[in-house]
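Single-structure report; data block below.
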């Protein structure tokens, strides 16, 4: 007995040690000799884990080399050899009785091509084995359940558990392992050896073409299904190769001609698709691997979209059950596309920056006209009639496509892309924070020296939005289509189709407000960049197809070894390349500078000539930008009216109510200097949406229980109050003025909205009689607890309604208030002089320098004319302006009623009104 605790591990592996000592010829050893005996196989795994630190070059252990590979210095010679060996630098005396010698001999044995091939063959055989075993088990379960049909789900689960436990106990009673058990153990051992963290083994696999081809061929086996243990074995091995030999493995994967088809046939196997996804994530802009180029050439996106196309079997026709297996496959394809879009987002929108690969040709292809047309016409708009003559919509296809489009819009929002090179310093708004605008974006896109066109350009969503806009009338027909309710369900249901299409409209409206989609000049420069990018791709393809001849070696006609390192990212656009084309592009870009953009327009408006009028309608419709084109089609299709009408028709569908509120909120917060103003007016028209009437009527009716949309109506009414308090409604349309001055709306604001705010503002846990707390502010506000200077977040109630709608957090005009307060307890909000707001300055005009000068001049004018005005508010109001003659105030500083109508000099301004209920 040895008292030294650190004994040689091989001493405890008696069976393995004897087996290695008995080997005279490595080529005579079979795989079954290694893993057939349970004792030897277990000792072998133990020994590998003990010695892997010494034989793993990445861990800084002993150096080793392939003998034949070193001699020939040729990987092909090594790969085709029948045997191989390694030399350990730690084994100077080459004593076969030492630990290093036996460890070296064990590794020499394992890297023999016939041994590695035999281990992989066990994995191949396991695919069919596990498939057959699964079928037998399912048949046994069905037979058992059919003998005594369970009455409840609990009884069925108990019987299944008995069947499984009976099988396990039967196996445990045996003293000797059966043939099936032996095979399972051998497969597990083979997988453990192939996936061991030993560089010498993984390197041997990846550098031997016959071995890696055999391993990769398992992916093509038909019976490799999700529930097969062979899947986890294979993925574990491939992951190990990716960790230790990533470059070699990626080169091998990139050379697979049917790479996309291989994985798409297994799209319902999550573990395999996860591995494929990790392979794609290796191709990053700063370190491209060429994987994206490869799968793009193999039409990954087109083939995924083809999977989403409906088949007759997935509809419930002639009383048949729909093909749910097809549903699962389509859902898997959708999830993969959504995940691809997520990792291909702009850097500012990346979920995990480390795994984000940025915009690429795959997501650009996904928003191309060809793919979008396929989604619209071949998937979303597909309808069929059932045996009863009722129309069935492709609900599953609509859900899949809508989820993909929503992800595309959210992950490619240009308004958050602040990466504009040296132009980034110009992205400043009034308060000094960065803000994207069309002028800077145009300058950045046309600067080909700083920003050359390439495959990693940001994704432009204009073509996608245009196609959806052109088909809005067809989607409106789907909204009108009454859904087929399930059995034993009332006929009056919203339906999945209408819900998802409402979600789509809300997201497309958000997309239509993006800066890139509201500039005609940007659209044209994007087209130029697309042409250049297309030429780059053609040149690359031609370069890869051309043969390279060497004069000194006339027999070598083609070289392919360098193709692995070629990527579109290596090609840059410059003025010296293809000079004629460059000059043409330069001339075209120069002409774009002279084109007036939609945001450069300065409309002249007044109460007599409001923004929303027939002349301006014709002007915008004549040549709209993509964003306005969507809004025009949204209005013409009446789909906005349809969605708002459905709001009250289904009082308990709160998910739908939230979608409608999001849609309405976006319209109220959109640009006024666009066709969005026409959508706003449509919300107030009596013969259209008539929002104020919907709100008032819902609160006047005595319905118990109260409908589930009441809370969302409060949110909608708050949006109406804020909007009509922020701008002069008569400068937009008299329709709005009529709606907000009605007696019903005044009653609702005074009797319902204000009291509801009071209820919402009650501090939980406060005593009933407490009007203030220890920090000095009342319970009608929510505050940040600051001991020195409490800052209130005003929510508004009866006492501070005017403060709420004007965003005032304090009252500084005490003197003016005292002079102008003639109404007793009701203080006059007219004391708060709010600056006028230009409709043309709802978005940056493009001339950043001029805009800054205008803002400074306006601020000086306001300071000079309104000394008592709260200047903090002016500083926080970006783009606001007021002139010397804006308002005629009386001696007390209070604005006289009726002055708005006589203010002809400043008719081109939207004004925040103090209190719309007093108009």
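In my numbering, the protein residues as written are 663 to 1581. Backbone N, C-alpha and C fix where the C-beta goes; we use that ideal spot for every residue, glycine too.
Neighbour flag for residue i against chain B, beta carbons, 8 Å
i, result
"residue 1411", "Considering every chain present, this structure includes no chain B. It has just one protein chain."
Distance CB(residue i)-CB(residue j) smaller than 8 Å
i, j, result
"residue 1394", "residue 1323", "no"
"residue 1029", "residue 1121", "yes"
"residue 1326", "residue 1345", "yes"
"residue 868", "residue 772", "no"
"residue 1340", "residue 1274", "yes"
"residue 1164", "residue 1305", "yes"
"residue 1176", "residue 1298", "no"
"residue 793", "residue 848", "no"
"residue 1290", "residue 1282", "yes"
"residue 870", "residue 775", "yes"
"residue 1104", "residue 1183", "yes"
"residue 1179", "residue 1129", "no"
"residue 706", "residue 688", "no"
"residue 933", "residue 894", "yes"
"residue 1006", "residue 984", "no"
"residue 1174", "residue 1127", "yes"
"residue 1272", "residue 1313", "no"
Limits of the beta strand (DSSP E) - the one that residue i falls within
i, result
"residue 1054", "1053–1055"
"residue 1045", "1045–1047"
Inter-residue CB distance, residue i and residue j (contact presumed, cutoff 8 Å)
i, j, result
"residue 1400", "residue 1382", "That belief does not hold up - the Cβ atoms of residue 1400 and residue 1382 are roughly 14 Å apart, past 8 Å."
"residue 1190", "residue 1250", "6 Å"
"residue 991", "residue 1069", "In fact, because the Cβ distance is near 19 Å, the residues do not count as touching under 8 Å."
"residue 1406", "residue 1358", "4 Å"
"residue 1003", "residue 1073", "5 Å"
Alpha-carbon to alpha-carbon, residue j and residue i
i, j, result
"residue 1558", "residue 1388", "The predicted model places residue 1558 with a pLDDT of 38, which falls under 50 and marks its position as unreliable; any figure quoted below should be read in that light. If I take the Cα positions, the gap works out to 19 Å."
"residue 1062", "residue 782", "38 Å"
"residue 995", "residue 1037", "13 Å"
"residue 714", "residue 860", "6 Å"
"residue 1023", "residue 1056", "29 Å"
"residue 716", "residue 763", "12 Å"
"residue 1201", "residue 866", "37 Å"
"residue 696", "residue 1158", "59 Å"
"residue 1334", "residue 972", "41 Å"
"residue 702", "residue 872", "27 Å"
"residue 1440", "residue 1418", "Low confidence applies to residue 1440: its pLDDT is 41, below 50, so where it sits in the model is not reliable, and the reading given next is rough at best. Straight-line Cα distance between these residues: approximately 17 Å."
"residue 891", "residue 788", "8 Å"
"residue 1009", "residue 1018", "8 Å"
"residue 1295", "residue 1349", "18 Å"
"residue 1044", "residue 1034", "14 Å"
"residue 841", "residue 851", "15 Å"
"residue 1360", "residue 884", "60 Å"
"residue 1197", "residue 1117", "11 Å"
"residue 844", "residue 998", "38 Å"
"residue 1514", "residue 1266", "The predicted model places residue 1514 with a pLDDT of 42, which falls under 50 and marks its position as unreliable; any figure quoted below should be read in that light. Cα-Cα distance, rounded: 22 Å."
"residue 1331", "residue 1040", "34 Å"
"residue 910", "residue 681", "34 Å"
Residue i - containing alpha helix (DSSP H), residue span
i, result
"residue 1298", "1288–1298"
"residue 1361", "1353–1362"
"residue 987", "986–1005"
"residue 940", "932–942"
"residue 1279", "1276–1284"
"residue 1412", "Unbroken run through residue 1412: none, as it is neither H nor E."
"residue 843", "841–856"
"residue 1124", "1124–1132"
"residue 814", "From DSSP, residue 814 is part of no alpha helix (DSSP H); its letter is neither H nor E."
"residue 923", "921–926"
"residue 705", "700–713"
"residue 1383", "1372–1388"
"residue 1106", "1100–1108"
"residue 1040", "Premise fails: residue 1040 is in no alpha helix (DSSP H) and is neither H nor E."
"residue 683", "676–683"
> Counting Cβ pairs, one atom from each stretch, are 3 or more of them under 8 Å apart for the segment 1045–1064 and the segment 1129–1149?
Replying inline: yes
>> With three or more C-beta pairs closer than 8 Å as the rule, is the segment 912–932 touching the segment 952–963?
In response: yes
>> With three or more beta-carbon pairs closer than 8 Å as the criterion, would you say the segment 1007–1018 touches the segment 947–955?
In response: no
> Does the segment 888–902 come close enough to the segment 921–941 to have 3 or more Cβ pairs within less than 8 Å?
Replying inline: yes
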